[in-house]
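Chemist: Okay, so the sequence shown: first residue is 1 according to the numbering used here, each after it adds one. All C-beta atoms, glycine included, are put in the ideal place defined by N, C-alpha and C.
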Amino acid sequence: MSLQLVTPPVGEPVSLAEAKLHLRVDVDDDDALISSIITAARQAAETVTGRQLMTARWKLVLDAFPACAILVAKCPVQSVTSIQYLDMNGSSLTMPAADYVVDTAYEPARITPVFGKTWPSTLPQIGAVTVTFDAGYGSASNVPEGIKSWIKLRVGSLYAHREEMSILMRGRIDPLPFVDGLLDPYRVALV
């Protein structure tokens, strides 16, 4: 199974203005740096949680259809745009949307054939099935506040320290373990 980003997100869940307010930065000198840190923090949050925060298009590549359901591990899935596969002749076919059901209420999302149907036979080679889908919360206002708070803390840590360590009294350096704990409620568990 391979996930490939087709269309990256437009925008970030935390704006430059929100980040600067959190950082208490009033000047524009570091805007480019802060913007790049926001992107890095979003990507870190997406990696830790298995979620897509802002809407993006993804491609899930499988070697064959599974025995049961296809699990789409990038949450939340908004919609499946197509399921393509190589038939036994090596021809690329698109499965009709009426032949499968997408359960986006479950995380990770599940795709199964409709009642009375089965997955089609595929050419026995790697990458024979491709599921293209859109995932994400949509706009920044829909991203959970806990994730946005984590992003702001990560931005603050990277901006202030350029690392995730805190220098305490007497020169002792400690990691900031509480920061990653903010993402625990949003982790996606693969079954």
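Are there 16 or more other CB atoms within 10 angstroms of the CB of Met95, so buried, or fewer, so exposed?
Modeler: So Met95 ends up on the buried side.
Chemist: Are the beta-carbon atoms of Ala194 and Ile151 separated by less than 8 angstroms?
Modeler: Lying before the first or after the last residue shown, residue 194 is absent from the chain, which here runs from 1 to 191.
Chemist: For the beta strand (DSSP E) that Ser15 lies in, which residues bound it at each end?
Modeler: Note, Ser15: premise wrong, no beta strand (DSSP E); not H, not E.
Chemist: Let me know the secondary structure DSSP gives Ser157 once reduced to three states.
Modeler: Residue state, collapsed to three classes: helix.
Chemist: With Val101 as the anchor, note down where its alpha helix (DSSP H) starts and where it stops.
Modeler: Looking at the DSSP string, Val101 is not in any alpha helix (DSSP H); the run it does join, the beta strand (DSSP E), is 100 to 103.
Chemist: Who pairs with Gln4 in a beta bridge, going by DSSP?
Modeler: Partner(s): Lys59.
Chemist: State the DSSP-derived secondary structure class of Arg110, mapped to helix, strand or coil.
Modeler: Arg110 falls in the strand class under three-state DSSP.
Chemist: Over the uninterrupted alpha helix (DSSP H) stretch that includes Thr118, give me the two end residues.
Modeler: Looking at the DSSP string, Thr118 is not in any alpha helix (DSSP H), and its letter there is neither H nor E.
Chemist: With a threshold of 8 angstroms between beta carbons, is Trp150 in contact with chain B?
Modeler: Considering every chain present, this structure includes no chain B. It has just one protein chain.
Chemist: Please report the straight-line C-alpha distance between Ile83 and Val131, rounded to a whole angstrom.
Modeler: Roughly 5 angstroms between the two C-alpha positions.
Chemist: If you follow the beta strand (DSSP E) that Leu53 is in, where does it begin and where does it stop?
Modeler: Here Leu53 belongs to no beta strand (DSSP E), and DSSP marks it neither H nor E.
Chemist: Say whether the segment 99 to 115 touches the segment 55 to 74, bearing in mind that this needs 3 or more beta-carbon pairs closer than 8 angstroms, one atom from each stretch.
Modeler: Counting Cβ pairs under 8 angstroms, three or more are found: they touch.
Chemist: Which residues in the same chain as Asp87 place their Cβ atom closer than 8 angstroms to its Cβ, once the five residues preceding and following it in sequence are excluded?
Modeler: Taken in chain order, the residues that qualify are Leu93, Pro120, Ser121, Thr122, Leu123.
Chemist: Quick one: give me the first and last residue of the beta strand (DSSP E) that Val80 is part of.
Modeler: Start and end: 77 to 86.
Chemist: What separation, rounded to the nearest whole angstrom, lies between the Cα atoms of Ala67 and Pro113?
Modeler: Using only the alpha carbons, I get a separation of about 11 angstroms.
Chemist: Compute the Euclidean distance between the alpha carbons of Asp29 and Lys59, then round it to the nearest angstrom.
Modeler: Taking the straight line from one Cα to the other gives about 38 angstroms.
Chemist: Let me check understanding here. Comparing Cα to Cα, which of Arg187, Arg172, Val155 lies closest to Ala17?
Modeler: The shortest Cα separation from Ala17 among Arg187, Arg172, Val155 belongs to Val155.
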